[in-house]
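**Q** In our numbering, the protein residues as written are 8 to 331.
Using N, Cα and C, we set each Cβ at its ideal position, and we do this for glycine too.
The structure displayed is predicted, hence computed values, not measured ones.
Got a structure here, written out as structure tokens. Questions coming.
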Amino acid sequence: MSSQFPEARPRRLRRSPELRSLFQETEFTLNDLVLPIFVEEEIDDFVPITSMPGVMRIPESKLAGEIERYARAGIKSVMTFGVSHHLDASGSDTWNERGLVSRMSAIAKDAVPEMIVMSDTCFCEYTDHGHCGVMHGSEVDNDRTLVNLGKQAVAAARAGADVIAPSAAMDGQVQAIRRALDEAGFSHIPIMAYSTKFASALYGPFREAGGSALKGDRKSYQMNPMNRREAVRESLLDEQEGADALMVKPAGAYLDIIRDIREASRLPVAAYQVSGEYAMIKFGAQAGAIDEARIVRETLGSIKRAGADLIFTYFAMDLALAGI
Ligand code: PBG
Ligand code: ZN
8 MSSQFPEARP RRLRRSPELR SLFQETEFTL NDLVLPIFVE EEIDDFVPIT SMPGVMRIPE
68 SKLAGEIERY ARAGIKSVMT FGVSHHLDAS GSDTWNERGL VSRMSAIAKD AVPEMIVMSD
128 TCFCEYTDHG HCGVMHGSEV DNDRTLVNLG KQAVAAARAG ADVIAPSAAM DGQVQAIRRA
188 LDEAGFSHIP IMAYSTKFAS ALYGPFREAG GSALKGDRKS YQMNPMNRRE AVRESLLDEQ
248 EGADALMVKP AGAYLDIIRD IREASRLPVA AYQVSGEYAM IKFGAQAGAI DEARIVRETL
308 GSIKRAGADL IFTYFAMDLA LAGI
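Structure (structure tokens):
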């Protein structure tokens, strides 16, 4: 047939909302989302985080009620970040059995036993210098930090955490944590490795949220955002070390990396839509430049389409309340 008219007409499948949804390739539900939360000790009221409109630091005394509220809305999983008032050079509060890391997991699991509680496993919110480990001069001491990561992971598991999520970006952290967990009788607890963690400017608002003491940067341990091959290398190393799931962080500016890792590994892949991604959407919407509800669905859908099985996002509760 020779004519100036097309034979192939993809528009046929787009004619109605019903046809469009029938042929939609990618979807996400609340089963795919993890809500990161900030819990502060020794305060009585919620504290708004000005760089993340709509997100608050939760007083520890109100954590149980919040977890119940999330569960009622349909949230299946949270990731806990502590805002500590007990800082020291090594972040030792993190492995204290009565410290904030342990208390957050215990309170959350006690409030809603079915809630999957992931414990972010790092030190930057518990050290007086704000780095993700123990210092040796001006550098973070990798191997001394590994020992402490093992202790923190065991404390969190003992308190009831379901998943250990190490974000310190130390070499060998997955192996060190796996061994420590296994020796302490927690061979059943999975490790969600922040395997590809870029030294990103998109973490800016998180540092306010977590009350970070950091001066300087984390470029000697987090990855160079320009490196694609190295991202795959880091992820495969974590897989060899015994990671149960891999994570890419941030998400939206790194969709190529999510796809690479999806293709390089059979493990579940998670992606973290970080504080700066959240802030850009919120402030853009507040300025009237973009439609928040639509752009949230578009960005999260794109992260799934790139290959992520699950997504960490501060929008999880908004989506749950909206019925997704
Ligand atoms: C630190 C940590 C960071 C985030 C989670 N854990 C960032 C950092 O390197 O300061 C970022 C989360 C976000 O920006 O939403 N271990
Ligand atoms: Zn850290």
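Span of the alpha helix (DSSP H) holding E14?
**A** Position 7 of the sequence shown holds residue 14. Here E14 belongs to no alpha helix (DSSP H), and DSSP marks it neither H nor E.
**Q** Residues bridged to D95 by DSSP?
**A** One-based indexing of the sequence shown puts residue 95 at position 88. Looking at the DSSP assignment, D95 forms a beta bridge with T134.
**Q** Ends of the alpha helix (DSSP H) at Y285?
**A** Position 278 of the sequence shown, counting from 1, holds the residue named residue 285. Note, Y285: alpha helix (DSSP H), S282 to Q293.
**Q** Look at L209 and V281 and say whether their C-beta atoms are less than 7 Å apart.
**A** Position 202 of the sequence shown, counting from 1, holds the residue named residue 209. Position 274 of the sequence shown, counting from 1, holds the residue named residue 281. For L209 and V281, yes; Cβs fall inside 7 Å.
**Q** Would you mind reading off the limits of the alpha helix (DSSP H) that contains E49?
**A** In the sequence shown, counting from the first residue as 1, residue 49 sits at position 42. Run containing E49: none; DSSP gives neither H nor E here.
**Q** Where do the N-terminal and C-terminal ends of the beta strand (DSSP E) with S126 fall, by residue?
**A** Along the sequence shown, read from residue 1 onward, the residue named residue 126 stands at position 119. Unbroken beta strand (DSSP E) run through S126: I123 to T128.
**Q** Looking at C-alpha atoms only, which residue of G140, G218, S126 and R151 is the closest neighbour of A164?
**A** Numbered from its first residue, the sequence shown carries residue 164 at position 157. Checking every option, the nearest Cα to that of A164 belongs to S126.
**Q** Specify, as a first and last residue, the run of the beta strand (DSSP E) that G89 falls within.
**A** As a working note, residue 89 is residue 82 in the sequence shown. S84 to V90 is the span of the beta strand (DSSP E), which, as asked, contains G89.
**Q** Roughly how many angstroms separate the alpha carbons of L243 and S23, rounded to a whole number?
**A** Locating residue 243 in the sequence shown gives position 236, counting from the first residue. Locating residue 23 in the sequence shown gives position 16, counting from the first residue. Spanning the two alpha carbons is a distance of roughly 43 Å.
**Q** Any chance you could list the beta strand (DSSP E) runs of at least 3 consecutive residues sitting entirely within the region 226 to 272, in chain order?
**A** Runs found: 252 to 256.
**Q** So the beta strand (DSSP E) T203 belongs to, where does it begin and stop?
**A** Start at 1 with the first residue of the sequence shown, and residue 203 comes out as number 196. Start and end: M199 to K204.
**Q** May I ask you to report which of helix, strand or coil DSSP gives R64?
**A** In the sequence shown, counting from the first residue as 1, residue 64 sits at position 57. Reduced to three states, the DSSP call for R64 is strand.
**Q** Starting from the C-beta of D267, find all residues in its chain whose C-beta is less than 6 Å away, skip the five residues before and the five after it, and write them out in chain order.
**A** Start at 1 with the first residue of the sequence shown, and residue 267 comes out as number 260. Counting only Cβ-Cβ distances below 6 Å, and skipping sequence neighbours, we find V239.
**Q** Helix, strand or coil, according to DSSP, for E104 in the structure here?
**A** The residue you call residue 104 lines up with position 97 of the sequence shown. Residue state, collapsed to three classes: coil.
**Q** Exposed or buried, R16, counting other C-beta atoms within 10 Å across all chains shown (16 or more means buried)?
**A** Here the question's residue 16 lines up with position 9 in the sequence shown. That one is exposed.
**Q** Let me know the secondary structure DSSP gives N59 once reduced to three states.
**A** Along the sequence shown, read from residue 1 onward, the residue named residue 59 stands at position 52. The sequence given here has Met at residue 59, not Asn. Note: M59 maps to coil in three-state DSSP.
**Q** Measure the beta-carbon distance from S202 to E241 and round it to whole angstroms, keeping in mind my assumption that it falls under 8 Å.
**A** Numbered from its first residue, the sequence shown carries residue 202 at position 195. Numbered from its first residue, the sequence shown carries residue 241 at position 234. Yes, they are in contact, since the Cβ atoms of S202 and E241 sit about 5 Å apart, within 8 Å.
**Q** Beta strand (DSSP E) containing P173: first to last residue?
**A** One-based indexing of the sequence shown puts residue 173 at position 166. It spans V170 to P173 - the beta strand (DSSP E) in which P173 sits, taken as one unbroken run.
**Q** Kindly provide the chain-ordered list of residues whose Cβ lies closer than 5 Å to any non-hydrogen atom of the ligand ZN.
**A** Listed by chain position, these are C129, C131 and C139.
**Q** With distances taken Cα to Cα, identify the nearest neighbour of T33 among M324, S68, L317 and K116.
**A** Residue mapping note: residue 33 aligns to position 26 of the sequence shown, counting from 1. Among M324, S68, L317 and K116, the Cα nearest to that of T33 belongs to L317.
**Q** If contacts are defined as beta-carbon pairs under 8 Å, then E299 and I288 qualify, I think. What distance do you get, rounded to the angstrom?
**A** As a first step, residue 299 must be located in the sequence shown, where it is residue number 292. As a first step, residue 288 must be located in the sequence shown, where it is residue number 281. Confirmed, Cβ separation roughly 6 Å.
**Q** Taking I65 as the reference, give the member of R27, S227, M111 and S97 with the closest Cα.
**A** For the purposes of this step, residue 65 is taken as residue 58 along the sequence shown, with counting starting at 1. Of R27, S227, M111 and S97, the residue nearest in Cα terms is M111.
**Q** So does the region 257 to 271 actually touch the region 188 to 195, counting three or more Cβ pairs closer than 8 Å?
**A** Taking 8 Å as the limit for Cβ pairs, the verdict is that the region 188 to 195 does not touch the region 257 to 271.
**Q** Below 7 Å CB to CB, which residues in the same chain sit around D245 once its five sequence neighbours on both sides are set aside?
**A** Within the sequence shown, residue 245 is the residue found at index 238, counting from 1. Excluding sequence neighbours, D245 sits near V181, A200, S202 and L253.
**Q** For P212, which residues from the same chain have a beta carbon less than 8 Å from its beta carbon, with the 5 sequence-adjacent residues on both sides left out?
**A** Residue 212 sits at position 205 when you count from the first residue of the sequence shown. Excluding residues within five positions, the ones whose Cβ falls inside 8 Å are I56, S58, M59, S282, G283, Y285 and A286.
**Q** Can you give the Cα-Cα distance for A313 and D263, rounded to whole angstroms?
**A** As a first step, residue 313 must be located in the sequence shown, where it is residue number 306. As a first step, residue 263 must be located in the sequence shown, where it is residue number 256. So the alpha carbons of these two residues sit roughly 7 Å apart.
**Q** Helix, strand or coil for F35? Go by DSSP, reduced to three states.
**A** Taking the sequence shown and counting its residues from 1, one reaches residue 35 at position 28. Correct three-state label for F35: coil.
**Q** Between L153 and G179, how many whole angstroms is the CB-CB distance? I'm expecting something under 8 Å.
**A** The residue you call residue 153 lines up with position 146 of the sequence shown. The residue you call residue 179 lines up with position 172 of the sequence shown. That belief holds up - the Cβ atoms of L153 and G179 are roughly 6 Å apart, short of 8 Å.
**Q** When you compare the CB positions of A258 and Y279, do they come within less than 7 Å of one another, or not?
**A** The residue given as residue 258 occupies position 251 in the sequence shown. The residue given as residue 279 occupies position 272 in the sequence shown. It is a contact, given that the beta carbons lie within the stated cut-off.
**Q** Considering F319, what are the terminal residues of the beta strand (DSSP E) in which it resides?
**A** Indexing the sequence shown from 1 puts residue 319 at position 312. First-last of the beta strand (DSSP E) with F319: L317 to T320.
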